[in-house]
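Here is the structure we will look at, set down as structure tokens.
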Amino acid sequence: MVTSLIRRTFQALIVLFAMTAIVFVGVNVIGNPVDILINPDANAAEKARVIAHFGLDKPLWEQYLRFLGGIVQGDFGTSFVYNKPALGLILERMPATLELAFTALFIALAVGLPLGLYAGLYPNRVSSKVIMSGSILGFSLPTFWVGLMLVLVFSVELGWLPSNGRGDTVELFGVRWSFLTGDGLRHLLLPAFNLALFKTSLVLRLTRAGVQEVLPQEYVKFARAKGLTERRVIFVHVLKNLMIPVITIVGLEFGSLIAFSVVTESIFAWPGMGKLIIDSINLLDRPVIVAYLMMMVVLFVVLNFVIEICYTLLDPRVRLNARD
Amino acid sequence: MPITITRRTLNRTALALLLSTAIPAAAIADDGDQKLAIGMSTTFTTLDPHEASSAPNNAASRHIFDSLINRGGAAENQPQLATEWKVLDPTHWQFTLREGVKFHDGTAFDAEDVIASLLRARDLPSQSFASYTRNITNVTAPDPFTVVVETSVPDPMILNSLSRIRIISADHAKDGVAEFDDGSAAVGTGPFKFVSYAPGDRLVVERNDDYFAGAADWSDVTLRMIPDDGARLAALLSGDLDLIETLPAEGMERVESSKDYKAIWGQSTRLVFLGMDVSKDQSPFVKAKDGSELDKNPLKDERVRRAMLMAMNRPAIVDRVMQKNGTVADQYVAEGYFGHSDDVKRVDYDPEGAKALLAEAGYPDGFKLTLHGPAGRYVKDSEVLQAIGQMLARIGIDASVEVMPWSMYSDAYSEGQFSVFFASWGVNTGEVSNPAIATVATRNDEKGTGRYNGGGINDTEIDALLDQATSTLEEAEREPLLKQVSDLTFNKLWILPLHYENVVLGARAGIDYTPRGDKYTLAYDVKNAAK
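Note that the protein sequences, when read in sequence, are chains L and A.
This note's numbering puts the first residue of the first sequence at 131, with every later residue one more than the last.
This note's numbering puts the first residue of the second sequence at 314, with every later residue one more than the last.
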């Protein structure tokens, strides 16, 4: 376990390092941030001062080395636009995104698993067929359209739920959360549901396929022959075995929930990281773009590791260092 | 027939009643108190009023801070923290300060705060206000309520510049972005006091009851940043917001057809125009119809430029393509602004005349060119350019359209890499010298003129007039000079004027607001009809 952790950390560092180089060169090709940020009335001398202030007068390799030097000291650079540390800006908005992603994940599992199980156990019932057809809609309707429809129906026409924003927040562990207040929950519901829709369908279909694959297996027949209750057969023997693909997909999808919740965040004006990265790309705020992408690399590496730990818990045959 | 009421029908009726009353109930609740929520279409990035000069930042800072000069909606200079001013000599201006004004923390305002603010804006490393502070060499205070601003050269635009610089408390002059954003330094003399700020999301302020110009109509104001058009519109229709910037054209019908909402229109000072390469002998994107090089650059011929403008049905463009989000323009500034000239002749839509003029200039069969423009930077920019391309085709000019993201376009067009290009200038000074120096004066890096003169215009007569106008302090002497600049630019058609962008806001009934030329949305100017 420990060696595996060390090895993974080392791998992650290499990926991160490669990422810095790719991203750094990439953002330098898109365009010049000074042209976007500067007041159009500025003259040549004033422009030169701004360029020097951002450190953009140095050659690219020198900027890159400086940036690497900063990272070693935990400094990811200062945002051109906000004039604040880029990492701080991202962390400031992270709770909002995490909260949204976790709620969406919770909805996806709480709805997707039972329905998938039901549809897998009783595939011939009409209700199962309705569930399965419904799930097709779930992953084929585009998120932005569903989001707008949700707003139109529940906020504009019915007036039940607020159309956007985060609502009241309370502070816990030094971070502001909205899921702890009634108003915050009301704000959270629509965007979380919108974000969860696709994942719910995915979990549902994976679960159903898993159930149908596991049910005819020998050990299930054996368990039944042993006289175990149907409940124990389903919830221990079937469910545990079909969880492995579900966890893999859910884990990776959770990463994309966080990294790419941009669409939902813009429609519901949710003040998370997705909105920040889009603004930063439009304004060519290089330090924020680079810091954000690096955070995402770390996130995916960590998620992958967590997923693999989950495997060992679910399936005794899997060992973390089995592939050494 | 007897009516039996079952529990089910009762429940159903109750639900129906609830549904039918849900929306009006929410609207009435908003009227009862004096809370205002505004949806902004752009994002402001800091509350430090001297850190980064951009329209959203400068608009947001006006809620909390004042300036010496108040810039009115039509770009007029009015007293704010300065009650009067006079020119002592060409490089010294004296301002008399308003007495009895207090900052939000209760401390008194005086000359020390003015000196600290002007110098801070000038000296911050970000240099974002440099174009306003570059001529300020010194600020002194002969007494606590008099300030003298010394400039390096005679600067007729100093009042405009000072109207951009917010006055902060001298106690906070050493604070940085962090202190302003967490509110500890966001202490001004303005109409609202800081309550909370979530970057990228919202700014919440409350009424300053002691505001010298009279308390605002609203006890609490929330400025929400919602760049997504659909989300902003939905928030207005669901009653979460009272007023939204940039009402999307798609929502116009819905808003106008409802008695609960209205659209508010105004004309901005942003001029959109087509620039032309008038300097190169062979322009890179102008070719003969068979693709071969032309022996000379047709855009240098005034008749060709005029024919191109005559080919454009500009009223139809603003009406249809822009869905009334624009007003046809003929020169830098509209009537009533400083330097507008009545002698500029409007060029009317006349495709037959255009063809004749083109033939007279030696191009009876037209030629081929590429129109370049940005995508998503200005109101319906690429759509307008497409329409222009088709209109030019009708007089025999084969025009293809190429649009690109602003981050790639901005450099290329200002450096003059294109033949015909879509450009724009927000005339926030409300007078002609500022746009003319940037877009039509001959390029001169030392003097800082012609930085956006992407067509290579070189008109010595205009240059001489501008030189004279920028060193003349007397308004009465300046005005005829600038009028002549307008005449020369637009009667020779150095650039082809298209339109001014309109300001279109959406509001719930009961809100009154007069849009400003600079597109700022200021809560203090929003009136509560219910009050």
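Note that beta-carbon positions come from the ideal geometry of N, C-alpha and C, so glycine has one too.
CB of residue i within 8 Å of CB of residue j, strictly
| i | j | result |
| --- | --- | --- |
| isoleucine 351/A | leucine 536/A | yes |
| valine 657/A | asparagine 804/A | yes |
| asparagine 815/A | tryptophan 578/A | yes |
| phenylalanine 586/A | serine 354/A | no |
| phenylalanine 493/A | leucine 360/A | yes |
| arginine 515/A | asparagine 371/A | no |
| leucine 584/A | proline 403/A | no |
| tyrosine 837/A | alanine 529/A | yes |
| alanine 399/L | isoleucine 539/A | yes |
| alanine 231/L | phenylalanine 384/L | yes |
| threonine 150/L | methionine 424/L | yes |
| valine 400/A | leucine 786/A | yes |
| valine 692/A | glycine 739/A | no |
| leucine 349/A | valine 839/A | yes |
Selection from the options that minimises the alpha carbon distance to residue i
| i | options | result |
| --- | --- | --- |
| arginine 756/A | Ser354/A, Ala749/A and Asn766/A | Asn766/A |
| glycine 242/L | Pro225/L, Met262/L, Met224/L and Leu320/L | Met262/L |
| leucine 198/L | Val420/L, Val211/L and Ile166/L | Val420/L |
| methionine 721/A | Val164/L, Leu135/L and Gly340/L | Val164/L |
| glutamine 440/A | Leu318/L, Val211/L, Leu282/L and Pro253/L | Val211/L |
| threonine 378/L | Phe430/L, Val180/L and Ala234/L | Phe430/L |
| valine 283/L | Leu320/L, Phe309/L, Gly268/L and Asn158/L | Leu320/L |
| glycine 385/A | Met625/A, Tyr650/A and Thr640/A | Tyr650/A |
| leucine 369/L | Gly218/L, Arg306/L, Val145/L and Gly246/L | Gly246/L |
| glycine 503/A | Ser509/A, Leu818/A and Asp523/A | Asp523/A |
| glycine 652/A | Pro793/A, Arg411/A, Asp831/A and Met704/A | Pro793/A |
| lysine 668/A | Arg618/A, Lys415/A and Pro369/A | Arg618/A |
| valine 392/L | Met224/L, Leu443/L, Gly268/L and Asp445/L | Met224/L |
| aspartate 261/A | Thr762/A, Tyr662/A and Glu519/A | There is no way to answer for residue 261/A, as the model of chain A reaches only from 314 to 844. |
| phenylalanine 433/A | Ile449/A, Leu698/A and Lys681/A | Before going further, note that residue 433/A is arginine rather than phenylalanine in the sequence given. Checking every option, the nearest Cα to that of arginine 433/A belongs to Ile449/A. |
| isoleucine 471/A | Asn383/A, Gly496/A, Ser551/A and Tyr662/A | Asn383/A |
| arginine 335/L | Leu372/L, Thr359/L and Gly207/L | Leu372/L |
| glutamine 347/L | Thr337/L, His367/L, Thr330/L and Leu332/L | His367/L |
| tyrosine 252/L | Thr337/L, Thr233/L, Val155/L and Val432/L | Thr337/L |
Residue i, buried or exposed, once every other Cβ within 10 Å from all chains shown has been counted against 16
| i | result |
| --- | --- |
| histidine 685/A | buried |
| isoleucine 397/L | buried |
| threonine 317/A | No answer about threonine 317/A holds up, because its pLDDT of 41 lies below 50 and its placement is not dependable. |
| valine 132/L | exposed |
| glutamate 569/A | exposed |
| tryptophan 275/L | exposed |
| threonine 396/A | exposed |
| isoleucine 708/A | buried |
| leucine 413/L | buried |
| methionine 403/L | buried |
| serine 723/A | buried |
| isoleucine 701/A | buried |
| lysine 713/A | Checking the displayed sequence, the identity of residue 713/A turns out to be serine instead of lysine. So serine 713/A counts as exposed. |
| alanine 842/A | exposed |
| valine 159/L | exposed |
Backbone CA spacing between residue i and residue j [nearest angstrom]
| i | j | result |
| --- | --- | --- |
| glycine 185/L | glutamate 364/A | 17 Å |
| leucine 549/A | phenylalanine 734/A | 36 Å |
| tyrosine 833/A | serine 380/A | 15 Å |
| isoleucine 808/A | threonine 446/A | 30 Å |
| histidine 317/L | leucine 135/L | 39 Å |
| alanine 454/A | valine 461/A | 6 Å |
| serine 695/A | lysine 637/A | 16 Å |
| leucine 670/A | threonine 683/A | 21 Å |
| alanine 340/A | serine 410/L | Confidence is the limiting factor: at alanine 340/A the pLDDT is only 41, short of 50, which leaves the residue's position unreliable, though a coordinate-based value still follows. Rounded to whole angstroms, alanine 340/A to serine 410/L spans 36 Å at the Cα level. |
| leucine 146/L | leucine 195/L | 15 Å |
| valine 263/A | isoleucine 557/A | Residue numbering for chain A in the displayed model covers 314 to 844; residue 263/A lies beyond these limits and cannot be assessed. |
| alanine 421/A | valine 798/A | 45 Å |
| isoleucine 364/L | aspartate 542/A | 48 Å |
Note down, one range per segment and in chain order, each beta strand (DSSP E) of at least 3 residues found wholly within the segment 156-237 of chain L.
With a minimum length of 3 residues, no continuous beta strand (DSSP E) run stays inside the segment 156-237 of chain L.
Which runs of the alpha helix (DSSP H), 4 residues or longer, sit entirely within the segment 405-464 of chain A?
Counting only runs of 4 or more, we get 424-436 and 443-446.
Alpha helix (DSSP H) runs wholly inside the segment 727-757 of chain A, at least 4 long, in chain order
As for any alpha helix (DSSP H) of minimum length 4 sitting wholly inside the segment 727-757 of chain A, the runs are 746-752, ordered along the chain.
Let me know the alpha helix (DSSP H) ranges lying completely inside the segment 371-410 of chain L, each 4 residues or longer, listed in chain order.
Correct list: 392-397.
Taking the runs of the beta strand (DSSP E) that are 3 residues or longer, which of them lie wholly in the segment 491-527 of chain A?
As far as the segment 491-527 of chain A is concerned, its whole beta strand (DSSP E) runs of at least 3 residues are 505-511 and 515-520.
As an exercise, report each continuous alpha helix (DSSP H) stretch of at least 4 residues that is fully enclosed by the segment 355-412 of chain A, in chain order.
The DSSP assignment places 368-377 as complete runs of the alpha helix (DSSP H) inside the segment 355-412 of chain A, in order along the chain (cut-off: 4 residues).
Any chance you could list the alpha helix (DSSP H) runs of at least 4 consecutive residues sitting entirely within the segment 283-317 of chain L, in chain order?
List check, alpha helix (DSSP H) in window: nothing returned.
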